[in-house]
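Peer 1: Dropping the structure in here first, questions after.
In our numbering, the protein residues as written are 23 to 558.
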């Protein structure tokens, strides 16, 4: 889910994750406002023989795929019994910038066979998609909807029949509206049990064919944007921190919601390991939004600010998963607003992953901002106390572009290798948008910028692997144009273009689709690889 959110009405930037850019590889400690351990990585490498041009440089077993999510691509929002998710409620309230909804979007619900064939022709190893909780279990708990069950069985079976691995996310930010109405969704501990029961249904029904599970997609942006800014569902916030919310508490809800999502994740992993993993022989993890951010200067205060952002954003989830507790900086700054991980919670959460998924798009530069508070208290942004920029020459004034800064992905992967004991990771989202215009415009179809982007970022993954990072896969966002959760239909990330004015939602391969097909076909994974891409 490529995401651009307003930190304040005057600043429109993505959620941030920060790292450090120094010339040497070292670990230092800075005694400023508090003790900060700063992990730094060296200058990025370059491929010695120029850009890669085929998958043969990667080890056997490395997965190349593309992604989507249920609300963004399925459509059929009111068919076969499906009930609303929090995204349905949000978009139907007219809260998207383009007033768009996911009611029909790419209509994969009715075109999944065509889409799987296109994936096969492209040569993909895997397809990453999510299950609509409110399609499978209409009210979030209780009886399984047979038509929803049939759809996901059909999609999974179609993928398997073509030799494509299904990589399934249980919840891609689209919780059932019924649970939101009943008890406030993930703000309540009741959510933990309901999510585990939903996960149990998915493991039972699909686990004989699905071997790669993700519990939540980008929980670190879900509660920040959803419960501090109010810019995505459930659209809760409080003055002066958020945007036109009728209810919420920006000072506490982001931390409470993230805490419950973390415990729900751990509960689902525990259930899978105890009940299914031995026989189904799959793996399970979580996917985190993970931008790369560098200090704006070499001043110690900016270096500390960068590390502080790492702690607040990436460390918010990875520290408990790897070490069993929240980062020390968060505990000191947030204080009693940060829920306590009890001894039981810590044991449950620590190690509750077989892999970590990373969604990466952009790099930022940050300056230290002296910590302040208001008479209304402090929220996630004030707690981090940073000033973000998209370059060293100017502070943020508008939305980001996506230049080719692939070195940032390499640095991110190497930071995680050093800081978090080199976990198995997969790049679950990485992609390049085009904006505006008709899908058929030459500029959007002959997407040489996207090709350059993909080639460069795939190369950075390879460099990180050569330096020791345990990267298992790379997934392009997205397989085809869809409803983007921030931009609606104003931006297009797809390898395939979709004509949203055509009732049949006809798909057309962009130049990048042909490039990726050629890249993957040079080392064949199957006995037969179709020679051309279809636009049927």
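Idealized CB from N, CA, C, for every residue including glycine.
Since this is a predicted model, take the numbers as computed values, not measurements.
With distances taken between CB atoms, is the gap from residue 185 to residue 539 smaller than 7 Å?
Peer 2: Contact flag unset, no.
Peer 1: Which complete beta strand (DSSP E) runs does the segment 407–475 hold, if anything under 3 residues is left out?
Peer 2: 408–411 and 447–451
Peer 1: Once you ignore the five residues that flank residue 447 on each side, which residues in its own chain have a CB closer than 8 Å to its CB?
Peer 2: 377, 378, 379, 380, 435, 438, 491, 492, 493 and 494
Peer 1: Hey, how far is the Cα of residue 345 from the Cα of residue 373?
Peer 2: 8 Å
Peer 1: How many Å lie between residue 112 and residue 194 at the Cα?
Peer 2: 15 Å
Peer 1: Within the segment 269–337, note down every full alpha helix (DSSP H) run reaching 4 residues or more, in order along the chain.
Peer 2: 275–297, 299–302 and 322–334
Peer 1: When DSSP labels each residue in this structure, what does residue 381 get in the three-state scheme?
Peer 2: strand
Peer 1: What's the C-alpha gap between residue 225 and residue 200?
Peer 2: Rounded to the nearest whole angstrom, the C-alpha separation of residue 225 and residue 200 is 22 Å.
Peer 1: Does the segment 156–168 come within contact of the segment 235–251, defined as at least 3 CB pairs closer than 8 Å?
Peer 2: no
Peer 1: Distance, Cα to Cα, residue 368 vs residue 232?
Peer 2: 28 Å
Peer 1: Can the beta-carbon of residue 18 be found less than 7 Å from the beta-carbon of residue 327?
Peer 2: Outside the displayed span of the chain (23 to 558) sits residue 18, for which this structure offers no information.
Peer 1: Looking at the ligand HEM, does it come within less than 6 Å of residue 544, judged from the CB to the closest heavy atom?
Peer 2: Ligands in the displayed structure: none, and consequently the ligand HEM is not present.
Peer 1: With distances taken from CA atoms, which of 285, 79 and 266 is nearest residue 362?
Peer 2: 285
Peer 1: For residue 312, does the count of other Cβ atoms within 10 angstroms reach 16, so buried, or fall short, so exposed?
Peer 2: Counting the other Cβ atoms within 10 Å of the Cβ of residue 312 gives 16 or more, which makes it buried.
Peer 1: In the DSSP assignment, the beta strand (DSSP E) including residue 140 goes from what residue to what residue?
Peer 2: Looking at the DSSP string, residue 140 is not in any beta strand (DSSP E); the run it does join, the alpha helix (DSSP H), is 130–144.
Peer 1: Residue 208 and residue 282 look like a contact to me (Cβ under 8 Å); what is the Cβ gap, rounded to whole Å?
Peer 2: 5 Å
Peer 1: Beta carbon of residue 128, beta carbon of residue 520: below 7 Å?
Peer 2: A contact, by the Cβ cut-off of 7 Å.
Peer 1: Among residues of its own chain, excluding the 5 on either side of residue 287, which ones have a beta-carbon nearer than 7 Å to its beta-carbon?
Peer 2: 237, 238, 308 and 374
Peer 1: Should residue 303 be labelled buried (16 or more other beta-carbon atoms within 10 Å of its own) or exposed?
Peer 2: exposed
Peer 1: To which residues does DSSP link residue 219 through a beta bridge?
Peer 2: Partner(s): none; residue 219 has no beta bridge.
Peer 1: Suppose the cutoff is 8 Å on Cβ atoms and the five residues either side in sequence are ignored; what does the same chain contact list for residue 443 look like?
Peer 2: 344
Peer 1: Indicate the three-state DSSP secondary structure (helix, strand or coil) for residue 81 in the structure shown.
Peer 2: In the structure shown, residue 81 sits in coil (DSSP, three-state: anything other than H, G, I, E or B).
Peer 1: Rounded to the nearest angstrom, what separates residue 115 and residue 432 at their Cα positions?
Peer 2: 40 Å
Peer 1: Going by Cα to Cα distance, which pick from 267, 214, 310 and 277 is closest to residue 289?
Peer 2: 214
Peer 1: Pull up the distance between the alpha-carbon of residue 223 and that of residue 318, whole angstroms please.
Peer 2: 47 Å
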